[in-house]
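In what follows, a single structure is set out as structure tokens and then discussed.
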Amino acid sequence: MSTTSTVEFSNLPTDAIGKIIEKCDLKEQLTLRKVSKDLRSLVDEQKLAYKSIEIISNDLFISCVYNDKDVVYTSGNWNSYMTNGVSVIRSDDYVKIALNDLSIALKNPKLRLDDLYLRFCDFSDDRINRFRLLLNSLNHQIHVETLIGNPEFLLSTLPFFKPKVLVNIEVLGGEDTEDWASKEGAESIRKISCLEQWKQAEQLTTGFDVGFFPAEFIMHFKRFVILRGFFDKDFLMNLRDLFSTSTNFQSCTVQSNNDENRSEFLQSFCEKVESGEEVIYRFKIPDDSNKVLEFKIFSRSPTFKHCNIECVYLPLIEELAVELGLRLEPGNYLPVFYQYLIPDSTDVLIYEFWMDHIEIRRVSYMEML
1 MSTTSTVEFS
11 NLPTDAIGKI
21 IEKCDLKEQL
31 TLRKVSKDLR
41 SLVDEQKLAY
51 KSIEIISNDL
61 FISCVYNDKD
71 VVYTSGNWNS
81 YMTNGVSVIR
91 SDDYVKIALN
101 DLSIALKNPK
111 LRLDDLYLRF
121 CDFSDDRINR
131 FRLLLNSLNH
141 QIHVETLIGN
151 PEFLLSTLPF
161 FKPKVLVNIE
171 VLGGEDTEDW
181 ASKEGAESIR
191 KISCLEQWKQ
201 AEQLTTGFDV
211 GFFPAEFIMH
221 FKRFVILRGF
231 FDKDFLMNLR
241 DLFSTSTNFQ
251 SCTVQSNNDE
261 NRSEFLQSFC
271 EKVESGEEVI
281 YRFKIPDDSN
291 KVLEFKIFSR
301 SPTFKHCNIE
311 CVYLPLIEEL
321 AVELGLRLEP
331 GNYLPVFYQY
341 LIPDSTDVLI
351 YEFWMDHIEI
361 RRVSYMEML
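All residue numbers for the sequence shown refer to the UniProt record's numbering, where the first residue is 1 and numbers rise by one.
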């Protein structure tokens, strides 16, 4: 009669346990850390599989997305429908729990991130200060290639990232131009420009007019992505003058959704390049064939079927729907449905508003009957 023996988890070789830990998601790793000091050390020593971390904080919750794993921290009395796959942790001290869990990832020196997204929508001094204390407690600089965040926190967060590794800095927004244009804002920009992380980055993505940055503070960037709803001839000429003096400049892409008579204007001095559904115009800077200004104009697409827009703050839905001219469909629970009748078409755009994203689908009106 043969017998089989069961190997206890604690008796496994250290390297085998390490491989198991690497395959665990965040929630499972947090559970393992609480088992024993040895397991806690093993968890903290493992190279994390995270390629992106997204942190969104508002007055209702904190959302932390590790790759595609979404964990929402909120108060015990908060009640809202969540999509499948979202873990919800409720506690009266949810901010402390969220920052503690986040610290486990950020304190691991083997963390290698492609993207880190920081968005504070509530501007709570207490919450922001607690996050800064977390960053200040690290004994290493975070390895991240692209940093996306509020302009107000660039000065206080940039020093915590590895210079040279940080290639792309994306400055969110563009609505607080008065603050940036103030005397205090100008001083903040000057201090930011002195940081090695800023000076050694290669790409700047911004919704602000680059005119808010003194030329000498941005001439080291090789690539620019400027997000604008409107541009004109003066704007293009300003970019030409700005970049024609830079020895590092390679390309500038301006993404605009406003094409009112701009095509004829751009074709008068730019080269038009067909690229699928995008219309691209390229302007070669005189006396230097290696420098190009590139404009992408996105137009209506008859082949559009579906898209997903992440990170939408729920209380803004009504305001956004009014701005877009959408019609509310009956229902009191998430998702909230809105319709948009496409002009000169029998199709309809269906907007599904969830807590953390919007889904947009194009369907035939007859399919809805």
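Built from N, CA and C at the ideal position, the CB exists for glycine as well. Note that this is a predicted model, so its numbers are computed, not measured.
How about residue i and residue j: do their beta carbons lie closer than 8 Å?
i    : j    : result
N168 : T205 : yes
F249 : C270 : no
A49  : E22  : yes
Q197 : F161 : yes
A105 : Y66  : yes
L239 : L293 : yes
Q255 : V279 : no
L215 : L242 : Before going on, a small fix: residue 215 reads as Ala here, not Leu. Closer than 8 Å, so yes.
N150 : F131 : no
I189 : E170 : no
With distances taken Cα to Cα, identify the nearest neighbour of residue i among the options.
i    : options                : result
R223 : S246, S57, L341        : S246
G18  : P151, T31, L227, S41   : S41
F265 : L349, L236, I142       : L236
I142 : R127, P151, D125, S103 : S103
V165 : I89, K199, W78         : K199
L135 : R362, C121, L155       : L155
S137 : R112, V88, K107        : K107
D101 : P109, I89, K110, R112  : I89
D68  : K51, F61, W78          : K51
Q203 : K110, C194, M219, Y281 : M219
E45  : E187, K96, L111        : L111
V144 : P109, N129, E359       : P109
What number of angstroms, rounded off, separates the C-alpha of residue i from the C-alpha of residue j?
i    : j    : result
D114 : T146 : 6 Å
P159 : F217 : 17 Å
Y117 : E54  : 5 Å
P302 : K233 : Reliability fails at P302, whose pLDDT of 49 lies under 50, so the model's placement of it is uncertain and no value is given.
T253 : T157 : 26 Å
K34  : I56  : 26 Å
Y94  : T74  : 6 Å
N139 : V86  : 31 Å
F61  : P286 : 51 Å
C194 : V348 : 50 Å
N133 : V363 : For the sequence presented, residue 133 should be read as Leu rather than Asn. Roughly 49 Å between the two C-alpha positions.
D38  : V72  : 28 Å
C24  : D125 : 34 Å
I20  : D92  : 33 Å
K296 : Y281 : 7 Å
W78  : Q339 : 28 Å
E187 : A16  : 53 Å
I350 : L341 : 9 Å
V43  : I128 : 27 Å
Decide if residue i is buried, meaning its Cβ has at least 16 other Cβ atoms within 10 Å, or exposed.
i    : result
G76  : exposed
V273 : exposed
S63  : buried
P13  : exposed
D59  : exposed
L172 : buried
D70  : buried
N332 : Residue confidence for N332 is low, a pLDDT of 47 falling below 50, so the modelled location carries little weight and cannot support an answer.
Residue i by DSSP, collapsed to three states: which one?
i           : result
D234        : helix
I280        : strand
Y73         : strand
E202        : coil
V95         : helix
residue 372 : Lying outside 1 to 369, the shown extent of the chain, residue 372 is not represented and no answer is given.
P302        : Unreliable placement is indicated for P302, whose pLDDT of 49 sits below 50; no coordinate value is reported for it.
residue 371 : Since the first residue shown for the chain is 1 and the last is 369, residue 371 is missing from the structure and cannot be characterised.
K23         : coil
N168        : strand
V35         : coil
R362        : strand
I218        : helix
L154        : helix
D114        : strand
G149        : strand
K107        : coil
K296        : strand
M1          : Bear in mind that the predicted position of M1 carries a pLDDT of just 47, short of 50, making it too unreliable to give a figure here.
E175        : Note that E175 has pLDDT 48, beneath the 50 cutoff, so the model's placement of it is unreliable and the number below is only indicative. Three-state result, E175: coil.
L349        : strand
S193        : helix
F243        : helix
Q141        : coil
L12         : coil
I128        : helix
I285        : coil
F213        : coil
L227        : strand
L60         : coil
If we define contact as Cβ-Cβ less than 8 Å, is residue i a contact residue for chain D?
i    : result
Q200 : Of the chains in the structure shown, none is chain D; there is only one protein chain.
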